[in-house]
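Residue numbers (this note's numbering): 115 to 286.
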Amino acid sequence: MRIPNPACQAGLLACAVAALFAFGAPSLAQTGYLAEVIHVHDGDSLWVQPLDGGRRQRLRLDGIDAPEICQVDGREARDRLAGMVLRRQVLVEVTGQDRYRRTLARVWLGSEDVQAVLVTEGWAWSYRVRGQPGSYDREEAQARRQGRGLFAVPHAEHPADFRRRHGPCLNE
Numbered sequence: 115m116r117i118p119n120p121a122c123q124a125g126l127l128a129c130a131v132a133a134l135f136a137f138g139a140p141s142l143a144q145t146g147y148l149a150e151v152i153h154v155h156d157g158d159s160l161w162v163q164p165l166d167g168g169r170r171q172r173l174r175l176d177g178i179d180a181p182e183i184c185q186v187d188g189r190e191a192r193d194r195l196a197g198m199v200l201r202r203q204v205l206v207e208v209t210g211q212d213r214y215r216r217t218l219a220r221v222w223l224g225s226e227d228v229q230a231v232l233v234t235e236g237w238a239w240s241y242r243v244r245g246q247p248g249s250y251d252r253e254e255a256q257a258r259r260q261g262r263g264l265f266a267v268p269h270a271e272h273p274a275d276f277r278r279r280h281g282p283c284l285n286e
């Protein structure tokens, strides 16, 4: 749904940010914007069109790592993300850039943390840096215990290991 009136867009953003304050996401007040998801590339990256009419933007979901699209469960991870957010309005919280200069963001569908849902359902790993705990370690532990998604296989191959062994997925 497109909202053509800028005053309506500002009102919706204010309501969304106020709702997120109630659900524990206060930092969105400074860095959040509403957008429509226009394309899901894989299980941890998507394209959004800001509702304010700005340039569309590719986002890498912060805090998670999903299987490569050509890897086992890669298409399923992408399909789960698409089923949740494609052509829907989300609140985007830009958190920075990664070493490849991709925009990192947390994405909220209503009060749901999209990344937390993907990890809890077993479609992504909690992203760790140098062995430090990731943002979604509890959700990953729960998914592993319950054998959800890609964790149904005891030793699912982490995407970084897959890329080292096979290189990037081509033509996907």
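Each residue gets a CB set at the ideal place from its N, CA and C atoms; glycine is no exception.
Using the Cβ count rule (16 or more neighbours within 10 Å means buried), how would you classify residue i?
i    : result
R145 : It is Thr, not Arg, that sits at residue 145 in the sequence shown. Looking at its Cβ environment, which holds fewer than 16 other Cβ atoms inside 10 Å, T145 is exposed.
A274 : exposed
S240 : buried
A270 : buried
L284 : exposed
Q185 : buried
R59  : Because the chain spans 115 through 286 in this model, residue 59 falls outside it and cannot be assessed.
Please name the residue, chosen from the options, that lies closest to residue i on a Cα-to-Cα basis.
i    : options                : result
G157 : D176, L195, V151, R169 : L195
D212 : F265, R169, L173, Q256 : L173
L264 : A238, R215, E207       : A238
A230 : Q256, R215, V243       : Q256
A192 : R252, W161, R170, S225 : It is worth fixing the name first, because residue 192 is Arg in this sequence and not Ala. Checked all of R252, W161, R170, S225; the closest Cα to R192 is W161.
G167 : V267, E150, E190, E226 : E150
R279 : P164, E182, Q163       : E182
Report back the beta-carbon spacing between residue i and residue j to the nearest angstrom; my notes put them in contact at under 8 Å.
i    : j    : result
L218 : D179 : Their Cβ separation, rounded to whole angstroms, is 12 Å, which puts L218 and D179 out of contact at 8 Å.
L148 : L205 : 6 Å
E254 : V233 : 5 Å
- Three or more C-beta pairs closer than 8 Å, one from the stretch 195-202 and one from the stretch 250-269: is that the case here? no
Q) Do the stretch 225-239 and the stretch 147-162 meet, that is, are 3 or more Cβ pairs less than 8 Å apart? A) Under the Cβ criterion (8 Å, minimum of three pairs), the stretch 225-239 counts as touching the stretch 147-162.
Open item on the list: Report the start-end ranges of each beta strand (DSSP E) in the stretch 182-265 that is 3 residues or longer and not cut off at the edges.
Closed with: 203-211, 217-223
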